[in-house]
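Below: the structure, in structure tokens.
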Amino acid sequence: MTDQNNTSTPATGRVRTRFAPSPTGFIHLGNIRSALYPWAFARAMGGDFILRIEDTDVERSSQVAVDVILESMEWLNMQPDEGPFYQMQRMDRYRTVLEDLKATGLVYPCYMSIAELDALREKQMAAKEKPRYDGTWRPEPGKTLPAIPEGVQPVLRFKNPQGGVVAWDDKVKGRIEISNDELDDLVIARPDGTPTYNFCVVVDDIDMDITHVIRGDDHVNNTPR
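For the sequence shown, the residue numbers in the working numbering are 1110 to 1334.
Written out as structure tokens, the structure is:
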């Protein structure tokens, strides 16, 4: 398990961890392990353990699964200090942050279709290149963007910095740095305007003053996203 966040803490200096399951199925042993480590770390450090229900996958989420999560946490005596918080109840907050990002020019609309993205990916893979968005709709000084296709609702992409690195101190692996050139302009809002999972998680962790994210090693590459 790794500490994926920067080691800085909020003004109080108090450790704050979180367990953030998605209620898309019955809770299993892997979920319990994912809850146990942040709960135990918060208790050992005299900190706070927060429970957040990441229920933005409306089609797959269910109240039955939410109830199982809550009942399981109570049965295991791992009650949170705060929460449960529900992402679907925070949509107004996410939209406010999206509008703030628009105002600062840090996001832009992308009108590429799924078919166009698939074709781009196949071309890159055939050339043995890493599949990634090519910045077709990314605005730059002096750049002429394509004509906006009629009747197409765009996604919103985060305008990732060009050059530099994303760096953090991992409690297990040590200092990790990933070049921004390796990262995509991530989609943070769908064509219908709803925010994506990656975007909501970042807003939540900042708003909730999460100091340590404890999760599996297979999620290390999600940190810069």
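Note that CB positions come from ideal geometry on N, CA and C, so glycine has one too.
### Query
Do the stretch 1183-1201 and the stretch 1232-1247 touch if we need at least three Cβ pairs shorter than 8 angstroms?
Result no; under three Cβ-Cβ pairs closer than 8 angstroms.
### Message
Quick test of the definition: if touching needs 3 or more C-beta pairs under 8 angstroms, does the stretch 1202-1215 touch the stretch 1310-1328?
### Response
Touching, per the Cβ criterion.
### CB-CB length for residue 1147 against residue 1158, believed under 8 angstroms
Contact between residue 1147 and residue 1158 holds, since their C-beta atoms are separated by about 6 angstroms, short of 8 angstroms.
### Query
What alpha helix (DSSP H) runs, 4 residues minimum, are completely inside the stretch 1201-1235?
List check, alpha helix (DSSP H) in window: 1223-1235.
### Task
Consult DSSP for residue 1329 and reduce its assignment to one of helix, strand or coil.
DSSP places residue 1329 in helix when its eight states are reduced to three.
### Query
How is the beta strand (DSSP E) around residue 1254 delimited, first residue to last?
Annotation for residue 1254: no beta strand (DSSP E) segment contains it, and DSSP assigns it neither H nor E.
### Query
Alpha carbon to alpha carbon, what distance is there between residue 1293 and residue 1234?
Rounded to whole angstroms, residue 1234 to residue 1293 spans 16 angstroms at the Cα level.
### Query
So, is residue 1222 buried or exposed, given that buried needs 16 or more other C-beta atoms within 10 angstroms?
Flag for residue 1222 reads exposed.
### Query
According to DSSP, what are the bridge partners of residue 1301?
Residue 1301 is not bridged to any residue.
### Query
So, is residue 1297 buried or exposed, given that buried needs 16 or more other C-beta atoms within 10 angstroms?
So residue 1297 counts as buried.
### Message
Considering only DSSP beta bridges, list what residue 1126 is partnered with.
### Response
Partner residues in the beta bridge of residue 1126, as assigned by DSSP, are 1158.
#### Entry: Limits of the unbroken alpha helix (DSSP H) element including residue 1311
For residue 1311, the enclosing alpha helix (DSSP H) starts and ends at 1306-1316.
### Task
Can you grab the Cα-Cα spacing for the pair residue 1183 / residue 1141, in whole Å?
Here the alpha carbons of residue 1141 and residue 1183 stand approximately 12 angstroms from one another.
### Task
List the endpoints of the continuous alpha helix (DSSP H) containing residue 1152.
Element bounds for residue 1152: 1138-1153.
### Task
With 8 angstroms as the threshold, decide whether the Cβ of residue 1249 is near any Cβ in chain B.
Absence of chain B from the displayed structure is noted, only one protein chain being present.
### Query
Between which two residues does the beta strand (DSSP E) carrying residue 1381 extend?
Limits of the chain in this structure are 1110 at one end and 1334 at the other, which puts residue 1381 out of reach.
### Query
Do the stretch 1210-1226 and the stretch 1255-1274 touch if we need at least three Cβ pairs shorter than 8 angstroms?
Judged by Cβ distances under 8 angstroms, the stretch 1210-1226 makes contact with the stretch 1255-1274, as three or more pairs qualify.
### Query
Under a Cβ-count criterion, where at least 16 other Cβ atoms within 10 Å of its own Cβ denotes burial, should residue 1138 be classed as buried or exposed?
Under this definition residue 1138 is an exposed residue.
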